[in-house]
Amino acid sequence: MSRVIVTQRGARHRYQIPRMLEEAGLLAALYTDSTVYSPVGRMAGVLCKIGLGVHKLKALALRVPEGIPADKIFSSDRELLHRGKLSTVFEKRGLRGASVVYNMNGEDIPFLKYARAHGAKIIVDVFISPKANQNLYAEQQRFKGAGEKGGLSEADCRRAEHRGIGAYAPLADILLCPSEWVADGVRDFAPDHAHKIRVVPYGSSIEPKRQVDVEPGRLLFAGRDALRKGLPYLAEAVAQLKSSGLSLQARVAGLTRKECDWMPYADHLEFLGIVPMDKMSQEYERADLFVLPSLAEGQAGVILEALSHGCPVAATRESGVDLITNENGMLVESRSAAQLADAIKTMVVDRGFRDRIGAQGRYFFEREFAPKVWRSRLVEVVEKL
């Protein structure tokens, strides 16, 4: 039986991938950065318990790889404290009998080279499209002021492509893509490695719920990156619809008004700031429509969360969930406020259509994105490799 080392930064998917591999008896180890098991992580947990935790410490204290035995978790603060390379730490720990390394988006390439030199197979989870930087740079040129802090240049895009997929695609045996949108990006940027692509959608561990007290005309958006996730187009669409007399309330979770001062039509949105997960569930339950006009994702987890509540979704193909328009959601073109406005108006005005799309979206979630379905897809790829 294959044994797998998962290498990942942060609590991506709340450590669901190594946890599923552990449940399937395939996990050899999780190699990661700071968690509650690392010295800094333990300190963060203590400070939070006595009420001294600031936001970053609280975030670190929540990095708990549940469902994974502690003796399989190798967590290092090296990058946090010394900006040292985690690859060096991982190499010292070796492969621990593993024959497969599951890597997130080409992070720690020196370790991938080490693993391959020692006979391991490599799965790279391409969790965001290689087109992401290209799309974001184009938006920065359109919306001046949006990219002033940490903005991208053309040179940044070229470097990201060279150091990104150009570096890890040759090392990979499988390029795991969560959606056809991501797979298309891999084909464009690494055509010689297209045969390695496997489209394996992520799932979600969220429990399906039913909507209660839906408020007609209440829209919901969720995300921390207004530019990449297409929020300006939602703001423009809402402004158009309000001017035509349609009553709408557009709620934005994850961002503040101050963070979006650069954005036209921002006054037509209601900014909620960071919303805890239990409160987000209430937002999904009351929303008439969830909207995500994103320009680049891997697979947007917030769409799965909305679908799980039976909340209808209007989203772009770039959002990374392969919706079928008028069947389990409304598919709209990116960068098209007019088409987004049409989709919103259809959902808000035609209540029968809206309810049918919501019910079918929830069934789509249960059939395609439940944890057992996700685990089955993932294990099949590993075992075939």
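For the sequence shown, this note's numbering gives the first residue as 43, with consecutive numbering after it.
By construction, the Cβ of each residue, glycine as well, lies at the ideal position given by its N, Cα and C atoms.
Excluding its 5 nearest sequence neighbours in each direction, Ala281 has C-beta neighbours in its own chain below 8 Å: Tyr307 and His310, listed in chain order. DSSP places Gln176 inside the alpha helix (DSSP H), whose first and last residues are Ala174 to Arg184. Its Cα nearest to that of Arg328, the residue Phe263 stands out among Gly83, Trp304, Phe263 and Arg377. For Lys163, no alpha helix (DSSP H) encloses it; the enclosing beta strand (DSSP E) starts and ends at Lys163 to Asp167. As the crow flies, the alpha-carbon of Leu290 is around 46 Å from that of Val82. Arg120 sits away from Ala71, with the two beta carbons spaced by 8 Å or more.
Runs of alpha helix (DSSP H) with 4 or more residues, each lying fully within the stretch 318-378, are found at 319-328 and 343-350, listed in chain order. Judged by DSSP secondary structure, Ala279 falls within the alpha helix (DSSP H) whose first and last residues are Leu273 to Ser285.
When DSSP states are grouped into helix, strand and coil, Ser44 belongs to the coil group. Within 10 angstroms of the beta-carbon of Arg409 lie fewer than 16 other beta-carbons, which makes it exposed. When C-beta atoms of the stretch 219-228 are compared with those of the stretch 352-367, three or more pairs fall below 8 Å, so the two segments count as touching. Annotation: the continuous beta strand (DSSP E) that includes Ser117 extends over Ile115 to Ser117. Leu213 and Ser286 have their C-alpha atoms spaced approximately 54 Å apart. Within the stretch 207-282, the complete beta strand (DSSP E) segments of 3 residues or longer fall at 216-219, 239-241 and 260-264, listed in chain order. Under DSSP, Ala159 shares a beta bridge with no residue. Judged by DSSP in its simplified three-state form, Leu314 adopts strand.
For Gln50, the closest C-alpha among the options Glu65, Ser76 and Ser44 is that of Ser76. Ser246 is the residue among Ser246, Asp255 and Val424 whose C-alpha sits nearest the C-alpha of Leu346. Note that the C-beta distance between Tyr79 and Ala112 is below 8 Å.
Only exposed fits Pro152, as fewer than 16 other CB atoms lie within 10 angstroms of its CB.
With respect to the C-alpha of Lys414, the residue from Ala101, Gln58 and Arg45 having the closest C-alpha is Gln58. Along the length of the stretch 129-153, whole beta strand (DSSP E) runs at least 3 residues long occupy 142-146, reported in chain order. Excluding residues up to 5 positions away in sequence, Thr49, Leu128, Ser129 and Phe132 lie with their Cβ nearer than 7 Å to the Cβ of Asp150 in the same chain. The criterion of a C-beta distance shorter than 8 Å is satisfied by Lys173 and Asp230. Per DSSP, the beta bridge partners of Ala292 are Leu261. Contact between Val228 and Val168 holds: their C-beta atoms lie close to 6 Å from each other, under 8 Å.
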